[in-house]
Amino acid sequence: MEKKHLGFELSIFNSMDELSNTDALLLQEAEKARQNSYAPYSKFSVGAALLLESGKIIPGSNQENASFPAGLCAEGVAVFSAGANYPNEKIKAIAVTAASGSNNLTSPAAPCGICRQTIAEYEKKQGSPIQILMKGQTGPIYKCDSMADLLPLGFDGSFL
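Structure, rendered in structure tokens:
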């Protein structure tokens, strides 16, 4: 038997002031997008903003539905919007921020499994990594260099 450790490096920033101007702007745009969240059931609002290689920023926010599986996550809204409207542009980075109506999120909320798979698909499609920025309402900001870091054994088309 063989054992293998799968790990990744995570950059942790204590405030927006420590980020590059581009990363800070992207998180600010994600926070703006979060204001358009429709989360009447969970009161958990999420905003996303992704940066295309052209410099264009695409926002997304979660959209709930009383039939819960029919809702959409903020990351998916942004990624699919970019794919539909800018199909030949690479995604360089995505920022995700979340707020809870029931408590103060003091740590970043990472993308759910479906969103990780969605972003991983676009990394594979474009042949380059997508940086991920994550922030709660307060507290540290996390940054990783690729979705492959957060989904190390992801499923892709090579299995089909």
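Residue numbers for the sequence shown follow the numbering used here, so the first one is 4 and each next one is one higher.
Every residue gets a Cβ at the ideal spot worked out from N, C-alpha and C, and that includes glycine.
| request: Determine the closest residue to F162 out of A52, E124, L54, P90, with distance taken between C-alpha atoms. | output: Here residue 162 refers to the residue found at position 159 when the sequence shown is read from its first residue. When only C-alpha atoms are compared, the closest one is E124.
| field | Opening and closing residue of the beta strand (DSSP E) in which I60 lies | value | For the purposes of this step, residue 60 is taken as the residue at position 57 of the sequence shown. Where I60 is concerned, the enclosing beta strand (DSSP E) stretches over 60 to 64.
| With 16 other CB atoms within 10 Å as the buried threshold, where does P62 fall? | One-based indexing of the sequence shown puts residue 62 at position 59. So P62 ends up on the buried side.
| query | Helix or strand or just coil, what does DSSP make of I144? | reply | For the purposes of this step, residue 144 is taken as residue 141 along the sequence shown, with counting starting at 1. Three-state DSSP puts I144 in a strand.
| query | Going straight from the alpha carbon of F65 to that of G58, what length do you get? | reply | In the sequence shown, residue 65 corresponds to position 62, counting from 1. In the sequence shown, residue 58 corresponds to position 55, counting from 1. As written in the sequence, residue 65 is Asn, which differs from the Phe given in the question. Straight-line Cα distance between these residues: approximately 23 Å.
| Are P111 and I15 closer than 7 Å when you measure CB to CB? | As a working note, residue 111 is residue 108 in the sequence shown. As a working note, residue 15 is residue 12 in the sequence shown. Result no, Cβ atoms of P111 and I15 do not sit closer than 7 Å.
| query | To which residues does DSSP link L136 through a beta bridge? | reply | The residue labelled residue 136 in the question sits at position 133 within the sequence shown. Note: L136 sits in a beta bridge opposite A98, K146.
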